[in-house]
Amino acid sequence: MLREVSGDFALETKMAGDWLAGNFGISGLLVWKDVLNYVRFEKCGLGRVHRGDIHREARVAGELGLFGRGQLWGETYYLRLTRTGARLAALCSTDGAHWLTCGHVGLPVKDPLLVGVWTGYEMMVHFDYVQVLRRG
2 MLREVSGDFA LETKMAGDWL AGNFGISGLL VWKDVLNYVR FEKCGLGRVH RGDIHREARV
62 AGELGLFGRG QLWGETYYLR LTRTGARLAA LCSTDGAHWL TCGHVGLPVK DPLLVGVWTG
122 YEMMVHFDYV QVLRRG
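Okay, here's the thing in structure tokens:
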């Protein structure tokens, strides 16, 4: 599920799933320009290589990299990607009030971008909401 946006924004979701079940699932936010330029910010299941981590993966000008990784445990997660110019900052939370920084990455591409949520690899996730916030 993707939506077209331009300019600065914050993309946020609240999601719940069974990440502790040992599946290989991953779910989270996606900012997409094309196959060579995108950012994924996601929660991994325990069966995945990253063993339950929250991490941010990006492909910038075709080069793939992991630009932030950490442990956060719970059943419900809030994820936020904030774009300011070409910089995307990642934040995560288990309560929506106390946010942890998960790093940032430059994505120097022209507008528009496609933004939204995604899930893959045997994962069942409930997205409570997905919103694009803008400064007013």
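Letter by letter, the sequence shown follows residues 2 to 137 of the working numbering.
Even for Gly, the Cβ is constructed at its ideal location relative to N, Cα and C.
Suppose you measure from the CA of residue i to the CA of residue j; what does that come to, to the nearest Å?
i              : j                : result
alanine 59     : valine 126       : 22 Å
glycine 97     : phenylalanine 42 : 16 Å
valine 131     : leucine 37       : 24 Å
serine 7       : alanine 17       : 28 Å
tyrosine 138   : arginine 136     : No statement about residue 138 is possible, as the shown extent of the chain runs from 2 to 137 and does not include it.
tryptophan 100 : leucine 92       : 6 Å
aspartate 112  : tryptophan 33    : 11 Å
leucine 89     : aspartate 19     : 27 Å
glycine 26     : valine 40        : 17 Å
histidine 139  : phenylalanine 68 : This structure gives no information on residue 139, because the portion of the chain shown stretches from 2 to 137.
threonine 120  : valine 110       : 24 Å
leucine 30     : leucine 73       : 16 Å
glycine 107    : threonine 77     : 28 Å
valine 133     : leucine 114      : 12 Å
Could you give the first and the last residue of the continuous beta strand (DSSP E) run that contains residue i?
i          : result
alanine 1  : Coverage of the chain is limited to positions 2 through 137, which leaves residue 1 absent and any answer about it impossible.
leucine 73 : Looking at the DSSP string, leucine 73 is not in any beta strand (DSSP E), and its letter there is neither H nor E.
Considering only DSSP beta bridges, list what residue i is partnered with.
i                : result
valine 6         : Leu114
phenylalanine 42 : Leu30, Arg57
valine 126       : Gly18
leucine 37       : Its beta-bridge partners do not exist; DSSP assigns none.
histidine 105    : Ala90
glutamate 64     : Val61
glycine 121      : Ile27
arginine 84      : Phe10, Leu89
Quick test of the definition: if touching needs 3 or more C-beta pairs under 8 Å, does the segment 80-95 touch the segment 5-13?
yes
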